[in-house]
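A.B. asks: Take this structure, written in structure tokens, and hold onto it; I'll ask about it next.
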Amino acid sequence: ALATATALARRGASVALVDLRGDAVETLARRLREETGCRAVALEADVADFGRAQEVVRDAAEALGRLDLLVACAGIHDDAVIWKMTETQWDSVVAVDLKGVFNYIRAVAPVMKEAGYGRIVAVSSINGLRGKAGLANYSAAKAGIVGLARTAARELGRYGVTVNVVAPGFIETPMTAALAETIRDAARRESVVGRLGTAADVARAVLFLLEEDAGYVTGAVLQVDGGQWA
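422 is the number of the first residue of the sequence shown in the numbering used here; add one for each residue after it.
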């Protein structure tokens with residue numbers, strides 16, 4: 422998320438950062454303002470909160486003057502095989518990873534419809550396309566994003582709004598840094614380019630789908646996985 426926001430800011434965009442951790446997101450917004458000179462606002466929110474999503478979109482549009490782009494990339498995981506997964510594990514991951522995307526597409530859709538323009542990119546995962554042992558909740562949520570985005574693309578296309586999905590493979594992030602080295606090595610072996618992905622790799626794919634040049638691309642799923650799932 423930060424890599425994408427930074428890349429957008431360096432291209433002159435104003436950005437609104439949304440995160441559950443208010444202090445952390447304010448620190449990131451301040452860093453963006455200092456490093457790029459962009460207008461950056463921080464908004465504290467649980468993306469699973471439907472009503473709060475409406476407020477965040479309203480506040481972001483008021484603070485920035487307009488709202489052209491949405492990148493929905495919040496995600497958590499809480500792993501277990503199906504026969505050991507609790508209801509809480511299922512509900513919490515689906516609430517953030519899938520409902521959170523719905524909440525923000527739902528909130529920005531009227532704004533973008535009225536403007537006659539919009540670009541929406543949701544971040545899924547190759548594990549939502551292929552499945553992954555121990556990740557039933559995560560894989561189901563990420564698969565749901567694809568169906569949600571393709572439906573939104575059909576509904577919003579006539580209003581000048583595109584909706585696409587980026588599906589990363591194993592990416593070097595704070596969330597994956599805590600995983601066992603055996604898991605990291607397995608992902609590296611799966612990659613036909615011989616390395617793990619970076620946040621910058623994902624950001625470049627997201628930026629393409631947000632640009633004018635991608636105006637005829639909608640309902641698409643762009644894998645950014647180094648060939649992990651070819």
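By construction, the Cβ of each residue, glycine as well, lies at the ideal position given by its N, Cα and C atoms.
Pull up the CB-CB distance for D518 and K563, whole angstroms please, since I reckon it's below 8 Å.
C.D. replies: For this step, residue 518 is matched to residue 97 along the sequence shown. For this step, residue 563 is matched to residue 142 along the sequence shown. The pair is a contact, with the Cβ atoms about 6 Å apart (cut-off 8 Å).
A.B. asks: Inspect the beta-carbon positions of N558 and D499 and report whether they are closer than 9 Å.
C.D. replies: Translated into positions along the sequence shown, residue 558 becomes position 137. Translated into positions along the sequence shown, residue 499 becomes position 78. Yes, Cβ-Cβ distance for N558 and D499 is below 9 Å.
A.B. asks: By the 10 Å Cβ neighbour count, where 16 or more other Cβ atoms means buried, how is V547 classified, buried or exposed?
C.D. replies: Residue 547 sits at position 126 when you count from the first residue of the sequence shown. Here residue 547 is Ile; the residue named in the question, Val, does not match the sequence. Burial call: buried.
A.B. asks: Does P595 pass the burial test, meaning 16 or more other C-beta atoms within 10 Å, or should it be called exposed?
C.D. replies: As a position in the sequence shown, residue 595 is number 174, starting the count at 1. Classification of P595: exposed, given that the 10 Å Cβ count is below 16.
A.B. asks: Can V477 and V436 be called in contact, C-beta distance under 9 Å?
C.D. replies: Counting from one through the sequence shown, the residue named residue 477 turns up at place 56. Counting from one through the sequence shown, the residue named residue 436 turns up at place 15. In this structure, V436 does not lie closer than 9 Å to V477 by Cβ.
A.B. asks: Are three or more beta carbon pairs between the stretch 627 to 639 and the stretch 576 to 583 nearer than 8 Å?
C.D. replies: Cβ pair count under 8 Å is three or more, so yes.
A.B. asks: Have a look at E508 and A501 and give me their C-alpha separation to the nearest angstrom.
C.D. replies: Here residue 508 refers to the residue found at position 87 when the sequence shown is read from its first residue. Here residue 501 refers to the residue found at position 80 when the sequence shown is read from its first residue. Using only the alpha carbons, I get a separation of about 11 Å.
A.B. asks: Let me see if you follow: with CB-CB separation under 9 Å, is G537 close to chain D or not?
C.D. replies: In the displayed structure, chain D is absent; only one protein chain is listed.
A.B. asks: Where DSSP assigns a beta bridge to V638, which residues make up the other side?
C.D. replies: In the sequence shown, residue 638 corresponds to position 217, counting from 1. Paired residues: none, contrary to the question.
A.B. asks: State buried or exposed for L490, treating a residue as buried only when at least 16 other CB atoms are found within 10 Å of its CB.
C.D. replies: Here residue 490 corresponds to residue number 69 of the sequence shown, with the count starting at 1. The residue in question, L490, is buried, as its Cβ has 16 or more Cβ neighbours within 10 Å.
A.B. asks: With DSSP as the reference, label I541 as helix, strand or coil.
C.D. replies: Your numbering for residue 541 matches position 120 in the sequence shown. Reduced to three states, the DSSP call for I541 is strand.
A.B. asks: Please name the residue, chosen from R551, M506, S545, that lies closest to G496 on a Cα-to-Cα basis.
C.D. replies: Residue numbering aside, residue 496 sits at position 75 when the sequence shown is read from its first letter. The candidate whose alpha carbon is nearest that of G496 is S545.
A.B. asks: Can you tell me the Cβ-Cβ gap for V623 and V645, rounded? I've got them flagged as a contact below 8 Å.
C.D. replies: Reading the sequence shown from its first residue, position 202 is the one you call residue 623. Reading the sequence shown from its first residue, position 224 is the one you call residue 645. 5 Å between Cβ atoms; contact.
A.B. asks: Assuming contact is defined by CB atoms lying nearer than 9 Å, are V529 and L550 in contact in what I supplied?
C.D. replies: Mapped onto the sequence shown, residue 529 falls at position 108. Mapped onto the sequence shown, residue 550 falls at position 129. Not closer than 9 Å, so no.
A.B. asks: Quick check: the Cα distance between R487 and K534, rounded to an integer number of angstroms?
C.D. replies: By one-based count along the sequence shown, residue 487 stands at place 66. By one-based count along the sequence shown, residue 534 stands at place 113. Straight-line Cα distance between these residues: approximately 13 Å.
A.B. asks: Skipping 5 residues on each side, what residues in its chain have a beta carbon closer than 8 Å to that of R616?
C.D. replies: Along the sequence shown, read from residue 1 onward, the residue named residue 616 stands at position 195. Around R616: R609, G647.
A.B. asks: Just the C-alpha distance for A389 and T457, rounded to the nearest angstrom, thanks.
C.D. replies: Because the chain spans 422 through 651 in this model, residue 389 falls outside it and cannot be assessed.
A.B. asks: Hey, how far is the Cα of Q510 from the Cα of I503?
C.D. replies: Working through the sequence shown from its first residue, we reach residue 510 at position 89. Working through the sequence shown from its first residue, we reach residue 503 at position 82. Near 10 Å, if we compare the C-alpha coordinates of I503 and Q510.
A.B. asks: Please classify D444: does DSSP put it in a helix, a strand, or coil?
C.D. replies: Position 23 of the sequence shown, counting from 1, holds the residue named residue 444. Note: D444 maps to helix in three-state DSSP.
A.B. asks: Specify the secondary structure class of L491 as computed by DSSP and reduced to three states.
C.D. replies: Indexing the sequence shown from 1 puts residue 491 at position 70. Strand, per DSSP.
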